[in-house]
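First the structure, in the form of structure tokens, and then the observations on it.
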Amino acid sequence: MNPYKILIIDDDIAVCSSLQLLLRKHNFTTLTIQHPSLIQEKIATFAPDLILLDMNFTIDTSGKQGLKALSNILSLRPDQLIILMTGWATVQLAVEGMKLGAKDFIAKPWDNQSLVASIKDILTLFLPQENSNEAVASESNIIGQSTTITDLLEIATKVAITDANVLITGESGTGKELLAEYIHTNSKRHHHPFIKVNLGGISESLFESEMFGHRKGAFTDAFSDRIGRFEKADKGTIFLDEIAELNPSSQVKLLRVLQEKTYEVLGSSDVSRSDFRTISATNQDIPSLIHLGQFREDLFYRINLIHLHIPSLRERKEDIPLLIHTFIRKIASAYGFDTPTISDKAIHWLTQQNYPGNIRQLKNIVERTLLLNIGKEILDIQDFEKNFNVQSPSQSMILLPEVGKISLIDLEIEMIKKALLHNDHSISKTAISLGITRSSLYRRLEKYQIAHES
Ligand SMILES: Nc1ncnc2c1ncn2[C@@H]1O[C@H](COP(=O)(O)OP(=O)(O)OP(=O)(O)O)[C@@H](O)[C@H]1O
Ligand SMILES: [Mg+2]
Numbered sequence: 000m001n002p003y004k005i006l007i008i009d010d011d012i013a014v015c016s017s018l019q020l021l022l023r024k025h026n027f028t029t030l031t032i033q034h035p036s037l038i039q040e041k042i043a044t045f046a047p048d049l050i051l052l053d054m055n056f057t058i059d060t061s062g063k064q065g066l067k068a069l070s071n072i073l074s075l076r077p078d079q080l081i082i083l084m085t086g087w088a089t090v091q092l093a094v095e096g097m098k099l100g101a102k103d104f105i106a107k108p109w110d111n112q113s114l115v116a117s118i119k120d121i122l123t124l125f126l127p128q129e130n131s132n133e134a135v136a137s138e139s140n141i142i143g144q145s146t147t148i149t150d151l152l153e154i155a156t157k158v159a160i161t162d163a164n165v166l167i168t169g170e171s172g173t174g175k176e177l178l179a180e181y182i183h184t185n186s187k188r189h190h191h192p193f194i195k196v197n198l199g200g201i202s203e204s205l206f207e208s209e210m211f212g213h214r215k216g217a218f219t220d221a222f223s224d225r226i227g228r229f230e231k232a233d234k235g236t237i238f239l240d241e242i243a244e245l246n247p248s249s250q251v252k253l254l255r256v257l258q259e260k261t262y263e264v265l266g267s268s269d270v271s272r273s274d275f276r277t278i279s280a281t282n283q284d285i286p287s288l289i290h291l292g293q294f295r296e297d298l299f300y301r302i303n304l305i306h307l308h309i310p311s312l313r314e315r316k317e318d319i320p321l322l323i324h325t326f327i328r329k330i331a332s333a334y335g336f337d338t339p340t341i342s343d344k345a346i347h348w349l350t351q352q353n354y355p356g357n358i359r360q361l362k363n364i365v366e367r368t369l370l371l372n373i374g375k376e377i378l379d380i381q382d383f384e385k386n387f388n389v390q391s392p393s394q395s396m397i398l399l400p401e402v403g404k405i406s407l408i409d410l411e412i413e414m415i416k417k418a419l420l421h422n423d424h425s426i427s428k429t430a431i432s433l434g435i436t437r438s439s440l441y442r443r444l445e446k447y448q449i450a451h452e453s
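Counting with numbering that gives the first Met the number 0, you get residues 0 to 453 for the letters of the sequence shown.
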């Protein structure tokens, strides 16, 4: 038996009764009211666990009535869980509502399945669960003993079992992708695909074909059908990496799919539906991008029901020794040699260093040091020191081709290809080794049409 009570506030009787029917089918106890003036009294007597609040009362189409109702409710009961309902045209209103403290918003006409999923997720996430079976996490690849990391993993485990959209932030190399994989692995979707998309690498013109797919002949270069990422992610999780890099026109298209879970394959007039869960990641501060007008606020609220921030390595230096020991053990066993010992001084020294590239950088240093010292029993400060700031070669050391033999552009292309090969086609590593950001690497790959795996 479902113990939860839901109050439906909408001035359209038809909407009220169809919502009531739907929620009763899912064993919720429901009550409907059609006029905001009754809110106070009904909340007091019914004590709902969650409120579905329509933002567009017909008495005043500006939506002010809805916002007023919302702030009234929250002033009476600051912890009240509220989901807003609003027309697509007035998503901005929902954004205002989220700022005031609503937990989620649903665009009308709503999709029954998503609405019920959202209600259940919000109840699981924000209400203390009676005799809740503490979520049991699968073994994690995320190493860390600092309270920041253990707390983060605890929340991530709890969030994983829901379908809530998660935004993961943190500097480059802090483990955002690792955490996204962890959430997927611990979710009920783990038997289905985890589809990773680097949004920084998708140009405006390719967005729809990449994400929604296309039919043969949909445009000049569409020689065959292509399955889009959302279709691939059906029943699974889609990981939207570098979401802050997405251009404005694609942002609005993305918002629409996230909202409606439907899209049109290019060259087809059918509406396709995909059941996916969204995890996004960025190393940028989205609120300041919103401020600069570079990121849509409504999209931000859509992706960010749960926000997980991974602190930089310098904020949790106490994790460094454990990370080093674990990396050494793993690398030695992967390459099949004995695990060397690291002197205490070396550990201490390594803990004192700065890692702008965070865990990725630490891992690279440990790996490089180990591989250059196979057979050595004890690794000391100087062994690591040598691999710490692998200097970029001084200009005089670079052997350049003779003047006139190669153009600057060709030289750039060759260097990019060389770096890709050297880094096993890892975009992040290639970008780091070339001293450019990943998005500018992607721009060049696209500009020069260099083949790459994204
Ligand atoms: N807590 C951790 N324990 C073990 N390994 C970690 C941890 N965090 C990150 N790593 C490792 O560090 C590397 C970088 O992690 P990941 O790719 O997840 O970072 P990211 O935050 O997505 O970086 P970027 O912003 O550059 O994409 C990976 O090899 C990952 O396995
Ligand atoms: Mg990443």
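Ideal Cβ positions, reconstructed from N, Cα and C, are used throughout, including at glycine.
Query raised in the report: Smallest Cα separation from LEU322: which of MET97, THR29, GLY174, ASN26?
Result: GLY174
Query raised in the report: How should GLN144 be labelled, buried or exposed, when 16 other C-beta atoms within 10 angstroms of its C-beta is the threshold for buried?
Result: exposed
**Report entry** Residue burial classification, VAL264 (beta-carbon count within 10 angstroms, cutoff 16)
**Finding:** Taking all protein chains in view, the Cβ of VAL264 is crowded by 16 or more other Cβ atoms within 10 Å, so the residue is classified as buried.
**Report entry** Identity of the residue in ASP53, ILE5, HIS290 nearest GLN79 by Cα
**Finding:** For GLN79, the closest alpha carbon among the candidates ASP53, ILE5, HIS290 is that of ILE5.
Query raised in the report: Any chance the CB of ASN282 is under 6 angstroms from a heavy atom of ligand 1?
Result: Yes, since a heavy atom of ligand 1 falls inside the 6 angstroms radius drawn around the Cβ of ASN282.
**Report entry** the stretch 317-332 contacting the stretch 348-355, beta-carbon criterion three pairs below 8 angstroms
**Finding:** yes
Query raised in the report: What are the boundary residues of the alpha helix (DSSP H) that ILE8 is part of?
Result: Segment 4-8 is the beta strand (DSSP E) holding ILE8; no alpha helix (DSSP H) there.
Query raised in the report: Is GLU176 near ligand 2, in the sense that its beta carbon is under 6 angstroms from a heavy atom of that ligand?
Result: yes
Query raised in the report: So what does DSSP say about ASN140, is it helix, strand or coil?
Result: coil
Query raised in the report: Identify the residues that DSSP records as bridge partners of LYS41: which are they?
Result: Answer by DSSP bridge pairing: none, since LYS41 is not bridged.
Report task. Quick one: measure Cβ to Cβ for ILE237 and ARG228, integer angstroms, because I've assumed they're closer than 8 angstroms. Result -> 6 angstroms
Requested in this report: Please confirm whether GLU203 and ASN246 have their CB atoms less than 7 angstroms apart.
Outcome: yes
Requested in this report: Using the DSSP secondary-structure output, state which residues sit across from ILE454 in a beta bridge.
Outcome: Look at the range of the chain in this structure, 0 to 453, and you will see that residue 454 is not part of it.
Requested in this report: Go through its chain and collect everything with a Cβ distance to VAL94's Cβ below 7 angstroms, but skip five positions before and after it.
Outcome: GLU296, ASP297, TYR300
Report task. Confirm the yes/no value for this check: CB of ILE364, any heavy atom of ligand 1, distance under 6 angstroms. Result -> Checking the Cβ of ILE364 against ligand 1 gives no.
Report task. Can you have a look at MET414 and say buried or exposed, based on whether 16 or more other CB atoms are within 10 angstroms of its CB? Result -> When all chains shown are included, MET414 counts as exposed.
Query - Span of the alpha helix (DSSP H) around LEU52 - result: Per DSSP, LEU52 belongs to no alpha helix (DSSP H); it is in the beta strand (DSSP E), 49-53.
**Report entry** Inter-residue Cα distance where the pair is SER36 and LEU126
**Finding:** 27 angstroms
Requested in this report: Return no unless some Cβ of chain D is closer than 7 angstroms to the Cβ of ALA345.
Outcome: In the structure shown, chain D does not exist; there is a single protein chain.
Requested in this report: Express the C-alpha separation of ILE289 and LEU69 in angstroms, rounding to a whole number.
Outcome: 24 angstroms
**Report entry** Inter-residue Cα distance where the pair is ASP120 and LYS231
**Finding:** 24 angstroms
Query - 8 angstroms Cβ shell around VAL158 - same chain, five flanking residues per side excluded - result: LEU124, VAL165, ILE182, ILE305, LEU307
Query - Buried versus exposed, by CB contacts within 10 Å (16 or more), CYS15 - result: buried
Query - 6 angstroms CB neighbourhood of LEU369 in its chain, flanking five on each side removed - result: So the qualifying residues of the chain are ILE330.
Requested in this report: Take ILE278 as the anchor and find which of SER342, THR149, ALA155 has the nearest alpha-carbon.
Outcome: Of all alpha-carbon atoms in SER342, THR149, ALA155, the one lying nearest the alpha-carbon of ILE278 is that of ALA155.
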